[in-house]
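Okay, so here's the structure we're looking at.
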Amino acid sequence: MLSVESLTKRYQGQDAVCGVSFSVAPGEIVGLVGASGSGKSTIARCILGLERPDAGLIRYGDAVLTDRAGRRAAGRAIQAVFQDPRSSLNPRWTVRRILSEPLETWFGREPSAARTVRLHALLLQVTLSADLLARYPHELSTGQCQRLCVARALACGPALLVLDEPLSALDVSVQARMLAMLRDLHAAGGPSFLLITHDFAVVREICQRVLVLNAGRIVEAGPVARVLDKPSHPVTRSLLLDALPLPFQTAAALDRWVDCTKPTLDVAIQRTPSS
Amino acid sequence: MADRLLRNLAAALRRDPLGCVLLALVGTLVLLCLLAPIVTRTDPTATDFARMLMPPSAENWLGTDDFGRDVFARLLFGGRTSLGVAAVAVMIVMGIGVVAGIVAGYFGGAVDLVLGKLIDVLMAFPRLVLAIAVAALMGGGIASLIVAISVVAWPAYARILRAFTLQVANEGYVQAARTLGTPVWRILGGHVALNLIGPILVLAMLDLGNLILAISALSFLGLGVAPPGPEWGSMLNEGRALIEIAPWMVLAPGMAIFLVVLSANYFADIARDSTEGRAVHGPRDWIAPSRPVARPELPSPNTKEPLLSFEGVTVDVVDPRSPYCGRRILQEVSFWVRPRECVGLIGESGSGKSTLAMLAMGLTRPPLALTGGAVLLSGTNTAAWRWDDWRGVRGRHVGLVNQDPLSALNPVLTIGDQISEVMAAHDAVPTGARAGRLRAVVDDVGLPASVVGRYPHELSGGMRQRVVIAMAIVNRPALLIADEPTTALDVSTQRRILDLIRDLGQQYGLSVLFVSHDLRVIARVADRVVILREGRVVETGTTAAVFAAPREPYTRALMAAIPGQHRQPQPVEV
Numbered sequence: 001m002l003s004v005e006s007l008t009k010r011y012q013g014q015d016a017v018c019g020v021s022f023s024v025a026p027g028e029i030v031g032l033v034g035a036s037g038s039g040k041s042t043i044a045r046c047i048l049g050l051e052r053p054d055a056g057l058i059r060y061g062d063a064v065l066t067d068r069a070g071r072r073a074a075g076r077a078i079q080a081v082f083q084d085p086r087s088s089l090n091p092r093w094t095v096r097r098i099l100s101e102p103l104e105t106w107f108g109r110e111p112s113a114a115r116t117v118r119l120h121a122l123l124l125q126v127t128l129s130a131d132l133l134a135r136y137p138h139e140l141s142t143g144q145c146q147r148l149c150v151a152r153a154l155a156c157g158p159a160l161l162v163l164d165e166p167l168s169a170l171d172v173s174v175q176a177r178m179l180a181m182l183r184d185l186h187a188a189g190g191p192s193f194l195l196i197t198h199d200f201a202v203v204r205e206i207c208q209r210v211l212v213l214n215a216g217r218i219v220e221a222g223p224v225a226r227v228l229d230k231p232s233h234p235v236t237r238s239l240l241l242d243a244l245p246l247p248f249q250t251a252a253a254l255d256r257w258v259d260c261t262k263p264t265l266d267v268a269i270q271r272t273p274s275s
Numbered sequence: 001m002a003d004r005l006l007r008n009l010a011a012a013l014r015r016d017p018l019g020c021v022l023l024a025l026v027g028t029l030v031l032l033c034l035l036a037p038i039v040t041r042t043d044p045t046a047t048d049f050a051r052m053l054m055p056p057s058a059e060n061w062l063g064t065d066d067f068g069r070d071v072f073a074r075l076l077f078g079g080r081t082s083l084g085v086a087a088v089a090v091m092i093v094m095g096i097g098v099v100a101g102i103v104a105g106y107f108g109g110a111v112d113l114v115l116g117k118l119i120d121v122l123m124a125f126p127r128l129v130l131a132i133a134v135a136a137l138m139g140g141g142i143a144s145l146i147v148a149i150s151v152v153a154w155p156a157y158a159r160i161l162r163a164f165t166l167q168v169a170n171e172g173y174v175q176a177a178r179t180l181g182t183p184v185w186r187i188l189g190g191h192v193a194l195n196l197i198g199p200i201l202v203l204a205m206l207d208l209g210n211l212i213l214a215i216s217a218l219s220f221l222g223l224g225v226a227p228p229g230p231e232w233g234s235m236l237n238e239g240r241a242l243i244e245i246a247p248w249m250v251l252a253p254g255m256a257i258f259l260v261v262l263s264a265n266y267f268a269d270i271a272r273d274s275t276e277g278r279a280v281h282g283p284r285d286w287i288a289p290s291r292p293v294a295r296p297e298l299p300s301p302n303t304k305e306p307l308l309s310f311e312g313v314t315v316d317v318v319d320p321r322s323p324y325c326g327r328r329i330l331q332e333v334s335f336w337v338r339p340r341e342c343v344g345l346i347g348e349s350g351s352g353k354s355t356l357a358m359l360a361m362g363l364t365r366p367p368l369a370l371t372g373g374a375v376l377l378s379g380t381n382t383a384a385w386r387w388d389d390w391r392g393v394r395g396r397h398v399g400l401v402n403q404d405p406l407s408a409l410n411p412v413l414t415i416g417d418q419i420s421e422v423m424a425a426h427d428a429v430p431t432g433a434r435a436g437r438l439r440a441v442v443d444d445v446g447l448p449a450s451v452v453g454r455y456p457h458e459l460s461g462g463m464r465q466r467v468v469i470a471m472a473i474v475n476r477p478a479l480l481i482a483d484e485p486t487t488a489l490d491v492s493t494q495r496r497i498l499d500l501i502r503d504l505g506q507q508y509g510l511s512v513l514f515v516s517h518d519l520r521v522i523a524r525v526a527d528r529v530v531i532l533r534e535g536r537v538v539e540t541g542t543t544a545a546v547f548a549a550p551r552e553p554y555t556r557a558l559m560a561a562i563p564g565q566h567r568q569p570q571p572v573e574v
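So, in structure tokens, the structure goes:
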């Protein structure tokens, strides 16, 4: 579906991304992992048409995304959610207007009642309450803002969602709910995901395939189980070692009580403060 | 958008009696000017040499001028010209300035180059000289006056708005809109221009005054309003020579201009604040020391006594202007940090964990205030400490490392200067020993010695955080407060920074209050943990005990939420 072929991008003479090639198949969740400065976000920005690559091709179906016309042809099929949900939302717009922006662009004007129905459906998809429509972003919690960003991206009906560090600005319990929501979305026939992160724990949770990036090059790629359990490249190994483990007592304890406390857990998480 | 603006504006005015008075005065003045032919029957240009330079009286409310004309009538009819021309000119200037500035800033490249050069050329001429030339070429009259003023005034705005646009164009929501495929004109109108409305309003209002003065200057030169016709600026000029015998001739138009300009500026501020989405916080209040400053000396951390303790700390929002007035941030929080101990404070956003960290630094600021309990440093109650007392403690006995190393460092100072500054602020290190201490501390945090001469932007995120840690420990404090120090870093850097903090703690016998929302981080560094939720302590205990057997459902929920457990457990690494 999406294929990136020897993509290269230089900033001030230095290679940020150097000859990267990979592809994303329909319905797939691909993780792109690397330390900061390894070029993860640059790849995302090139795919989204926010940066012009210096060399290489990005194809979506028959369209070549590296030129402007190709990006326009691919249009709404590739959407994104960025790291900082607060800055991704126009502070002067209400939730209704934020969500209407892509609808207006791609589906034109429609009667207000029909629009409201559509907006409610979108909010439901990301488990947000319908009475948020009249609110402004600063009146929402960070987790709600990030879900709003996902809803806005979904409004276009994309085939591929690029998620650039979507969890790193969120609290742990909010991260867990966000991950669960993404998993549900995908299970319900949602778009493919290209998930950019530095956290292998997140990759293990949700991804099917993983690409490990170091200094602008892909050093290892393969199914999550293989790469995470039998890493072949030293960079992958050191990234895996550096990921903070769950304290071992907890890992053992969790197995014991996670199942029996499941209902309580959900209640406890639901009651967490929203601001 | 529009109704929220009006609502905010109305609310702002209700809180602001001065604003209401100004609004009433200006409203009356404008109304009088508009209704001038009805309000006064006197012809503003009718001369009567028998009644020259008469002081204000029942017949001539504001006196008469040197041609015996009624000043009140001239003021009202003159206001129509002055205010009308200024308003039209502001609209034209803003129209051109906003469009040119936004287009140049957003598109950049060739568009920016051409517009930029045009702006440079226009700005190279003195404003008034160019206006005189344009007005003279077009041959007098009100229309040419407006054109002349607009031509010279727009480049300055275009330039300012271009700079603002460059800033807004890099915001996440503009990038998001581009990704969404929103048409360019809609991005410019809905995102960029809308978020520039604050500066646009302020500039427009500020310039109203300048334009009124520019109009009067041109009128004085005979290029604007022809002499017998009334106009505030020309009235001012006519009265200038007679200021000692007939001050009312100057005072009437002078006060009118003063009132309009003052109110315009005042409203610019109110209007700008009303367009902001969120409430703007008032400045930090600086409490003047009411007594000689007693620099608190903290004993060295050899005792068993807690170094930092919170005893039933309660914090509320007390500022009545805050929309959250009365909300409780912390509710009877009690825990302590012993010497050589690392306490991990776990909580999600809004749990009050950063408020606690700020309390320990004496940095609680309005709208928050400590309403119950006490914060004790080495057994001393800090309740009576004033700003200067705290200044002796911060950076000397208590060091702070916060989340964003880039914003904690000054971009124009070298690393060495910034670390030395902390030493110079306190006399903990003798002047002669400072160079040696600087080298030692840079080495301690694992940075190469060459880093001393570099600037923050030349360093990576992890190196910057090391610099911030060096600044925090250079005076050998007893307590280090680390507020989410690794949240902005990637996993490898995070781990190294955590290990550094732990090692430094052991090396110097530091106590550490480590604040984070990430349980994995806390599990690595902390000896004891305190779990905070909605301003209350939920659970405390040693790290091993809490992580192995959490008692509270909330703690369990937090642990279950750690990602990476749903497929298979993490490879255990000891």
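Protein chains in written order, with the working numbering: chain A, 1 to 275; chain B, 1 to 574. Ideal Cβ positions, reconstructed from N, Cα and C, are used throughout, including at glycine.
Coil, strand or helix - residue i by DSSP
i: residue 308 of chain B; result: strand
i: residue 325 of chain B; result: coil
i: residue 6 of chain A; result: strand
i: residue 8 of chain B; result: helix
i: residue 61 of chain B; result: coil
i: residue 602 of chain B; result: The question about residue 602 of chain B has no answer, for chain B in this structure spans 1 to 574.
i: residue 16 of chain A; result: strand
i: residue 23 of chain A; result: strand
i: residue 330 of chain B; result: strand
i: residue 16 of chain B; result: coil
i: residue 101 of chain A; result: helix
i: residue 275 of chain A; result: Below a pLDDT of 50, predicted positions are generally treated as unreliable, and residue 275 of chain A, at 35, falls in that range; no measurement from the model is reported.
Beta-ladder partner(s) of residue i, from DSSP
i: residue 342 of chain B; result: B/512
i: residue 223 of chain A; result: A/209
i: residue 41 of chain A; result: DSSP lists no partner for residue 41 of chain A.
i: residue 11 of chain A; result: A/14
i: residue 80 of chain A; result: A/162
i: residue 483 of chain B; result: B/515
i: residue 335 of chain B; result: B/310
Assigned exposure category for residue i - 16 Cβ within 10 Å defines buried
i: residue 517 of chain B; result: buried
i: residue 13 of chain A; result: exposed
i: residue 542 of chain B; result: exposed
i: residue 189 of chain A; result: exposed
i: residue 71 of chain A; result: buried
i: residue 91 of chain B; result: exposed
i: residue 469 of chain B; result: buried
i: residue 223 of chain A; result: exposed
i: residue 20 of chain B; result: exposed
i: residue 26 of chain A; result: exposed
i: residue 324 of chain A; result: Chain A is shown only over 1 to 275; residue 324 of chain A falls outside these bounds and no answer can be derived.
i: residue 205 of chain A; result: buried
i: residue 431 of chain B; result: exposed
i: residue 475 of chain B; result: buried
Short CB-CB distance (under 8 Å) between residue i and chain C
i: residue 70 of chain A; result: This model lacks chain C altogether, as its protein chains are A and B.
Requested in this report: Check each residue of the segment 191 to 207 of chain A: if its Cβ is closer than 9 Å to any Cβ of chain B, include it; give the result in chain order.
Outcome: 198, 199, 200, 201, 202, 203, 204, 205 and 206
Report task. Could you list the residues in the segment 154 to 172 of chain A with a C-beta less than 7 Å from some C-beta on chain B, going in chain order? Result -> 156, 171 and 172
Query raised in the report: If contact means a Cβ-Cβ distance below 8 Å, which residues of the segment 109 to 140 of chain A contact chain B?
Result: 136, 137 and 138
Query raised in the report: Going along the segment 158 to 178 of chain B in order, which residues come within less than 8 Å of chain A, judged by CB to CB distance?
Result: 171, 172, 173, 175, 176, 177 and 178
Report task. Output, in sequence order along the chain, the residues in the segment 486 to 517 of chain B whose CB is closer than 9 Å to any CB in chain A. Result -> 487, 488, 489, 490, 491, 492, 493, 494, 495, 496, 498 and 517
Query raised in the report: the segment 76 to 103 of chain A: which residues have C-beta closer than 9 Å to a C-beta of chain B, in chain order?
Result: Of all residues in the segment 76 to 103 of chain A, only 76, 78, 79, 80, 81, 82, 83, 84, 85, 86, 87, 88, 89, 90, 91, 92, 93, 94, 97, 98, 101 and 102 come within less than 9 Å of chain B when Cβ atoms are compared, listed by chain position.
Query raised in the report: Taking three-plus beta-carbon pairs below 8 Å as touching, is the segment 70 to 84 of chain B in contact with the segment 229 to 238 of chain B?
Result: yes
**Report entry** Meets three-Cβ-pair contact criterion under 8 Å: the segment 156 to 163 of chain B and the segment 99 to 109 of chain B
**Finding:** yes
Query raised in the report: Three or more C-beta pairs closer than 8 Å, one from the segment 204 to 214 of chain B and one from the segment 252 to 262 of chain B: is that the case here?
Result: yes
Query raised in the report: Okay, do the segment 46 to 55 of chain A and the segment 215 to 229 of chain A touch, 3+ Cβ pairs below 8 Å being the bar?
Result: no
Query raised in the report: If we count Cβ pairs, one from each stretch, closer than 8 Å, do we get three or more for the segment 165 to 181 of chain B versus the segment 95 to 112 of chain A?
Result: yes
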